[in-house]
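Note sheet for the following structure.
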Ligand code: PBG
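In structure tokens, the structure reads:
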């Protein structure tokens, strides 16, 4: 896009349009609204439980009754979608990961509860084996290998169970090859043509996921790292190739993850593909900001500024642990 070179000072004084809020608002290029936010929530068994996660100040694992109450509050404040991440009982974490596609698992019960009680809130799921896996990986482990194709078969079963429970958006976060196509084929065949897929398409092998792994109880279990399936943080072209591939296979929306250190990738995805593009402001990004805010090292304004930056970079929306607080701040 050619940009007109502004006239020289004093004909051009760029401060004229920054003089007061009304003028600034007239020429603002980017808007952040609560409807742009998807709220990731950690759920657990129990009643009335709110269990703090030390590495994520202000975030707790919630039993389903508490989750429902907080989801209703967030929705009331304008948040349109929630994304569920289960903290699975230790006894249900096995090498065959069978709990992942149990129709009565924590996530599937939460989906049913949300769709019954808060039907206008969109429910997004996570598709990956890590919360159910004895060794913390997103796929089945055979010897030293995270095996691809048997994992994809399991992910399809997981997706169908989530559709059956009423999920609006499936979120495959596993980075196995071929999973989007396999899930899309299966959902079409099973009568879930209307269910959307938001693919974690450009998901990097990042150290910013640390607090999340604490939250879902996978940190102590993870053997090795996820570099054989997630993208090398230095690889921009490979990320674009992953996005193109997932769109070809039937993804409706794509995600870049992590967010703030990867804003260049967000912009590249939007410019290249013009499709609904999301960023995940991941647990480590949240921890940096929330930790500094808690200490008074950063002011609360960094929350909305960090989210606005995703919009400016081309994203249509953001997954953020700040969603309820941000929605309230946007209303104020
Ligand atoms: C795993 C998954 C991860 C996140 C979402 N789904 C972690 C990982 O890949 O190890 C990270 C989210 C966050 O850090 O907030 N399927």
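Numbering (this note's numbering), first residue to last: 86 to 417.
Each residue gets a CB set at the ideal place from its N, CA and C atoms; glycine is no exception.
Keep in mind that this is a model prediction, so the values were computed, not measured.
Nearest-angstrom beta carbon gap, residue j and residue i [assumed within contact, 8 Å]
i, j, result
"residue 149", "residue 155", "11 Å between Cβ atoms; not a contact."
"residue 369", "residue 293", "3 Å"
"residue 287", "residue 324", "4 Å"
"residue 389", "residue 411", "6 Å"
"residue 246", "residue 193", "6 Å"
"residue 335", "residue 265", "6 Å"
"residue 162", "residue 416", "6 Å"
Backbone CA spacing between residue i and residue j [nearest angstrom]
i, j, result
"residue 373", "residue 275", "42 Å"
"residue 331", "residue 244", "16 Å"
"residue 349", "residue 127", "29 Å"
"residue 176", "residue 220", "13 Å"
"residue 159", "residue 307", "32 Å"
"residue 217", "residue 164", "28 Å"
"residue 125", "residue 108", "35 Å"
"residue 180", "residue 228", "12 Å"
"residue 132", "residue 312", "37 Å"
"residue 355", "residue 319", "19 Å"
"residue 291", "residue 314", "12 Å"
"residue 27", "residue 215", "This structure leaves residue 27 out entirely; the chain is present only between 86 and 417."
"residue 305", "residue 357", "39 Å"
"residue 317", "residue 222", "17 Å"
"residue 241", "residue 295", "27 Å"
"residue 263", "residue 196", "26 Å"
"residue 111", "residue 322", "37 Å"
"residue 101", "residue 90", "17 Å"
"residue 309", "residue 113", "46 Å"
"residue 391", "residue 92", "32 Å"
"residue 178", "residue 380", "36 Å"
"residue 326", "residue 261", "14 Å"
"residue 371", "residue 271", "35 Å"
"residue 174", "residue 233", "25 Å"
Neighbourhood of residue i by C-beta distance below 7 Å, restricted to the same chain and skipping five residues each side
i, result
"residue 235", "225"
"residue 157", "203"
"residue 385", "378"
"residue 122", "164, 402, 403, 405, 408, 411, 412"
"residue 206", "156, 160, 165, 166, 167, 199"
"residue 277", "248"
"residue 269", "282, 334, 335"
Same chain only: Cβ atoms within 8 Å of residue i, ignoring 5 sequence neighbours per side
i, result
"residue 393", "115, 117"
"residue 103", "109"
"residue 238", "267"
"residue 153", "198, 199, 202, 203"
"residue 414", "385, 388, 389"
"residue 339", "283, 284, 286, 287, 328, 331, 332, 354, 358, 360, 361, 362, 363"
"residue 367", "291, 293, 294, 297, 342, 343, 344"
"residue 188", "246, 249, 250"
"residue 252", "196, 208, 209, 210, 280"
Neighbourhood of residue i by C-beta, 6 Å cutoff - its chain only, sequence neighbours within 5 removed
i, result
"residue 337", "281, 282"
"residue 396", "115, 117"
"residue 151", "135"
"residue 351", "341, 364, 398, 399, 400"
"residue 144", "138, 406"
"residue 190", "184"
"residue 375", "142, 143"
"residue 88", "none"
"residue 273", "none"
Check: residue i C-beta below 7 Å from any heavy atom of ligand 2
i, result
"residue 395", "The model on display carries ligand 1 but not ligand 2."
* To do: Check whether the stretch 155-175 touches the stretch 206-221, taking contact to mean three or more Cβ pairs, one atom from each stretch, closer than 8 Å.
  => yes
* Is the number of C-beta pairs between the stretch 390-404 and the stretch 340-352 that are closer than 8 Å three or more? -> yes
* Asked: Just checking, does the stretch 89-107 make contact with the stretch 254-265 on the three C-beta pairs under 8 Å criterion?
  -> no
* Asked: Looking at C-beta atoms only, is the number of pairs between the stretch 136-147 and the stretch 176-184 that lie closer than 8 Å three or more?
  -> no
* Asked: Just checking, does the stretch 288-307 make contact with the stretch 121-139 on the three C-beta pairs under 8 Å criterion?
  -> yes
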